[in-house]
């Protein structure tokens with residue numbers, strides 16, 4: 001073959017070696033990955049239907065059941081990131097014309113509403129300002145007014161730093177003939193959640209927060225009530241990749257012989273398995289305590305620096321991601337850039353409704369240590385001394 | 001907190017170490033992963049908006065442009081496996097009521113038709129028996145009869161082992177006001193494809209075949225004609241995760257400042273970058289020659305064993321995956337199980353229309369060597385001597 005057949009030459013940038021600098025990831029995720037999980041992700045491959053892989057998937061399923069505190073059979077990992085799990089939940093639950101009530105107090109409610117609209121659902125919004133949470137009374141008003149078949153609510157609002165209390169919401173929804181769908185991407189493993197006892201119907205999370213697993217897989221689980229809604233569907237879900245009927249079979253949740261559905265991200269599953277194993281070894285309760293304690297230390301330290309916490313009520317502060325107001329006389333971008341350049345450390349600015357207003361500091365999984373609390377407080381003190389600028 | 005809060009205990013299976021046996025993966029994918037790519041996948045994480053990651057994404061984009069032989073700006077990797085890219089292509093191209101003509105000569109056309117129906121498209125099928133391919137005359141007849149806005153066709157039909165000739169199809173489609181969508185999951189890097197010169201409008205592939213990258217990311221590219229169709233949409237795509245408008249921005253394809261869209265599977269991208277770099281280093285033409293030569297050696301060896309190739313015409317045999325008829329007096333499952341148990345080697349049975357009829361042998365990327373040809377032929381000879389059973 002003559003070389004002249006190729007009109008697009010090999011790109012020069014790609015021929016240089018890949019260089020990945022070490023960085024302490026104290027933003028809202030991804031968080032750093034422990035060596036054991038890195039090693040699992042770097043393992044040689046197996047086939048997506050090999051018995052060792054199917055067994056590993058069973059172990060992942062059991063690990064998710066533990067992390068979610070559920071006995072739901074329909075429990076598995078989505079072959080995509082947390083966003084993909086949000087979409088999987090919505091597109092399997094909703095049919096064209098179904099009514100969903102979305103509790104919006106940050107970006108995740110906004111996203112869920114956008115996705116539900118794309119799916120042709122009738123979307124009703126329950127709004128709260130960023131930094132606030134919903135009371136059972138707020139929710140009940142919405143349920144009575146809109147008569148939705150699904151309520152979406154965010155447990156850990158990573159854009160605002162709010163931990164939504166879930167107590168009683170499942171029962172409330174069920175009294176009104178509604179399913180409860182909860183986003184726990186940013187909270188799982190860092191704050192107590194009890195899927196079965198709290199009567200949550202669909203729960204999903206991500207891998208790259210407290211689990212310290214690279215993004216690319218996402219735990220999800222459906223209650224028996226939710227599974228019945230799936231079985232009653234009159235139309236197929238708009239996605240084949242995320243069709244829970246097919247996924248349930250591939251994950252061995254339906255009692256049938258497992259069939260090929262898609263080529264799963266095997267190495268992402270290796271990593272997820274190890275992340276779930278490490279959570280099981282530490283134990284949920286110790287993990288919750290650790291996140292709570294380090295978050296409290298961080299908050300106290302931030303107050304000591306003269307900074308103002310964005311979430312006033314201590315009991316609804318998300319233990320994994322802390323939001324602090326950008327102080328007067330500073331540009332948030334100067335602070336985050338300063339930390340990267342001088343401390344090889346990431347913290348983040350706001351997102352969605354909090355852009356420009358807050359800094360977000362994540363202490364998740366192996367990153368939730370008192371040493372990291374001290375490091376980020378030291379770095380911030382340094383930044384506050386260096387980044388001040390006259391009012392723009 | 002009292003331990004009694006937890007009703008679901010840590011699962012025992014998860015507390016045992018992860019064990020991944022070494023296996024030579026000569027099925028239809030995934031293929032084995034070279035150490036360099038494994039190491040990239042096991043790297044520490046960075047954030048999904050960090051400049052190093054955005055630069056690496058630019059390099060991936062350039063690598064895909066090289067592998068696809070295209071200068072399309074709208075070129076990127078989907079955060080999911082090849083199936084997910086198929087869905088991304090269809091859901092961005094199609095609106096409710098659009099007509100798509102799907103060329104079906106194996107499982108991938110069937111899948112595309114299923115997905116397009118879920119999306120509410122008007123799906124017309126052009127059928128050929130498994131093992132055959134479409135001529136330009138077949139296609140033209142379908143275009144005239146159904147007047148579709150999109151034609152779907154599979155370049156490398158991994159379920160049947162057919163390589164679909166693409167010459168002239170782009171021009172033909174464009175003469176009939178139709179876009180050409182090509183699935184090259186199983187063929188990319190193993191058989192020549194020239195996206196721009198062949199006037200392909202949407203092309204996608206997977207990572208886990210010739211690129212030898214773990215499944216979890218998928219290259220895709222849209223021509224200017226395809227991009228214009230996206231811009232003319234009256235409705236939003238049914239997915240936010242796969243919305244090409246958002247993805248184009250995140251991948252720096254639209255000239256706007258990059259915004260957060262979703263948390264990308266960073267480590268999968270590290271691996272994909274290295275897989276594309278290795279392909280660029282080897283060079284497309286050498287890679288095509290290598291796959292062609294080893295496939296020819298394999299086919300000759302299979303004939304020498306007295307076996308019958310499923311695809312009769314040599315010129316349309318897929319150089320990456322070879323299909324061979326299950327010989328009389330054998331059960332395919334005995335043969336594949338024998339190879340795993342006695343040779344730590346995977347080959348696969350049929351899929352979809354070829355289930356029970358064929359064995360599939362993949363020689364892809366670093367697995368396409370004359371040594372592996374000899375290994376699999378030796379293992380098959382061994383199996384044929386051991387697995388014969390009287391007619392059932």
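Protein chains in written order, with the UniProt record's numbering: chain A, 1 to 392; chain B, 1 to 392.
Where is the CB? At the ideal position from N, CA and C, for every residue including glycine.
None of the values given here were measured: they were computed from a predicted structure.
Rounded to whole angstroms, what's the CA-CA distance from residue i to residue j? Just pull it up for me.
| i | j | result |
| --- | --- | --- |
| residue 11(A) | residue 29(B) | 26 Å |
| residue 349(A) | residue 325(A) | 10 Å |
| residue 108(A) | residue 308(B) | 56 Å |
| residue 384(A) | residue 33(A) | 29 Å |
| residue 175(B) | residue 145(B) | 14 Å |
| residue 93(A) | residue 229(A) | 7 Å |
| residue 282(A) | residue 375(A) | 24 Å |
| residue 27(B) | residue 120(A) | 40 Å |
| residue 336(B) | residue 260(B) | 45 Å |
| residue 167(A) | residue 87(B) | 38 Å |
| residue 193(A) | residue 339(A) | 33 Å |
| residue 90(B) | residue 150(B) | 9 Å |
| residue 249(B) | residue 57(B) | 12 Å |
| residue 17(A) | residue 284(B) | 19 Å |
| residue 45(A) | residue 207(B) | 13 Å |
Tell me which same chain residues have a C-beta within less than 7 Å of the C-beta of residue i, skipping the five on either side of it?
| i | result |
| --- | --- |
| residue 2(A) | Any answer about residue 2(A) is weak, because its pLDDT of 49 lies below 50 and its placement is not dependable; what the coordinates show is given next. Contacts found: none. |
| residue 233(A) | 95 |
| residue 127(A) | 104 |
| residue 332(B) | 326, 349, 356 and 359 |
| residue 279(B) | 67, 189, 211 and 287 |
Can you list, in chain order, the residues of its chain with a C-beta nearer than 8 Å to that of residue i? Leave out the 5 residues immediately preceding and following it.
| i | result |
| --- | --- |
| residue 170(A) | 180, 198, 199, 200 and 201 |
| residue 381(B) | 305 |
| residue 117(A) | 123 |
| residue 330(A) | 384, 387, 388 and 389 |
Taking 8 Å as the threshold (C-beta atoms), are residue j and residue i in contact?
| i | j | result |
| --- | --- | --- |
| residue 187(A) | residue 294(A) | no |
| residue 142(B) | residue 212(B) | no |
| residue 68(A) | residue 105(A) | no |
| residue 396(A) | residue 191(A) | Nothing about residue 396(A) can be reported from this structure: the residues present for chain A run from 1 to 392 only. |
| residue 55(A) | residue 267(A) | no |
| residue 303(B) | residue 377(B) | no |
| residue 31(B) | residue 362(B) | yes |
| residue 269(A) | residue 60(A) | yes |
| residue 182(B) | residue 320(B) | no |
| residue 215(A) | residue 265(B) | yes |
| residue 387(B) | residue 334(B) | yes |
| residue 85(B) | residue 64(B) | no |
| residue 40(A) | residue 217(A) | no |
| residue 157(B) | residue 25(B) | no |
| residue 15(B) | residue 112(A) | no |
| residue 263(A) | residue 82(B) | yes |
Would you decide whether residue i is buried or exposed? Buried here means 16 or more other CB atoms lie within 10 Å of its CB.
| i | result |
| --- | --- |
| residue 7(B) | exposed |
| residue 137(A) | exposed |
| residue 300(B) | exposed |
| residue 19(A) | exposed |
| residue 132(B) | buried |
| residue 257(A) | exposed |
| residue 23(B) | buried |
| residue 224(B) | exposed |
| residue 346(B) | buried |
| residue 322(A) | buried |
| residue 341(A) | exposed |
Using a Cβ-Cβ cut-off of 6 Å (strictly less than) and excluding sequence neighbours within five positions of residue i, which residues of its own chain qualify?
| i | result |
| --- | --- |
| residue 343(A) | 379 |
| residue 226(A) | 179, 201 and 202 |
| residue 245(A) | none |
| residue 205(B) | 184, 185, 188 and 219 |
Report whether the distance from the Cβ of residue i to the nearest heavy atom of the ligand FAD is below 7 Å.
| i | result |
| --- | --- |
| residue 341(A) | For the structure depicted, the ligand FAD is absent and the ligand set is empty, with no information on it obtainable. |
*What residues in the segment 13 to 46 of chain B bring their beta carbon closer than 7 Å to a beta carbon of chain A?*
Those residues of the segment 13 to 46 of chain B that come within reach of chain A (Cβ to Cβ, closer than 7 Å) are 13, 14, 15, 18, 20, 21, 22, 23, 25, 27, 29, 30, 32, 33, 38, 39, 40, 41, 42, 43, 44, 45 and 46.
*Give, in chain order, every residue of the segment 255 to 278 of chain B whose Cβ lies closer than 9 Å to some Cβ of chain A.*
260, 261, 262, 263, 264, 265, 266, 267, 268, 270, 271, 273, 274, 276 and 277
_Contacting positions in the segment 224 to 242 of chain B - beta carbon closer than 9 Å to chain A_ = 235, 236, 237, 238, 239, 240, 241 and 242
_Near-chain A residues of the segment 76 to 95 of chain B (beta-carbon distance less than 7 Å), N- to C-terminal order_ = 79, 80, 81, 82, 83, 84 and 87
*chain B contacts made by the segment 322 to 336 of chain A, where a contact means CB separation under 9 Å*: none
*Using a beta-carbon distance cut-off of less than 8 Å, what residues from the segment 352 to 382 of chain B approach chain A?*
none
*Along the segment 97 to 117 of chain A, what residues have a CB closer than 8 Å to any CB found in chain B?*
Going along the segment 97 to 117 of chain A in chain order, one finds 111, 114, 115 and 117 with a Cβ nearer than 8 Å to chain B.
_Residues, ordered as in the chain, of the segment 296 to 313 of chain B that lie near chain A by beta-carbon distance below 8 Å_ = none
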